[in-house]
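> My structure is below; once you've seen it, I'll send some questions.
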Amino acid sequence: MAFTLAQLEALEICLKEAEEKAKTLSEQLAASEGTKSKLLEQISWLEEKLGALDHKEDSGEPYEKMVLAKDQCIEKLQAEVKASQEQLTAH
Numbered sequence: 001m002a003f004t005l006a007q008l009e010a011l012e013i014c015l016k017e018a019e020e021k022a023k024t025l026s027e028q029l030a031a032s033e034g035t036k037s038k039l040l041e042q043i044s045w046l047e048e049k050l051g052a053l054d055h056k057e058d059s060g061e062p063y064e065k066m067v068l069a070k071d072q073c074i075e076k077l078q079a080e081v082k083a084s085q086e087q088l089t090a091h
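Residue numbers are given in the UniProt record's numbering: position 90 of the sequence shown equals residue 90, and the series is strictly consecutive.
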């Protein structure tokens, strides 16, 4: 099968385009793998944190009690702020 010069030039252009696309795809794949690696690290970190929270909840003060105590503290502080504001406006 004999190719003409024009056909060979067209094939060469197609080959260069394919090589450029392959290079771009390789770069995108490398970036994607980097992102995947970072996400896997974050998943691992979050799983560790979740495990620690589960252990903390199982081993001691239940989460609800902790939230209730914090809510009570916030309410107390809000009452103190309100009282201070009232004193300031009274003067």
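Glycine included, each C-beta is placed from N, C-alpha and C at the ideal position.
All values reported here derive from a predicted model rather than from experimental measurement.
(1) Between the alpha carbons of L5 and L39, how many angstroms are there, rounded?
(2) Tell me which same chain residues have a C-beta within less than 6 angstroms of the C-beta of F3, skipping the five on either side of it?
(3) Which residues mark the beginning and the end of the alpha helix (DSSP H) in which M1 is found?
(4) If you draw a straight line from the alpha carbon of T89 to that of Y63, how long is it in whole angstroms?
(5) By how many angstroms is the C-alpha of G34 removed from the C-alpha of E41?
From the atom records:
(1) One Cα belongs to L5, the other to L39, and the distance between them is close to 51 angstroms.
(2) Same-chain partners within the cutoff: there are none.
(3) Unbroken run through M1: none, as it is neither H nor E.
(4) 39 angstroms
(5) 11 angstroms
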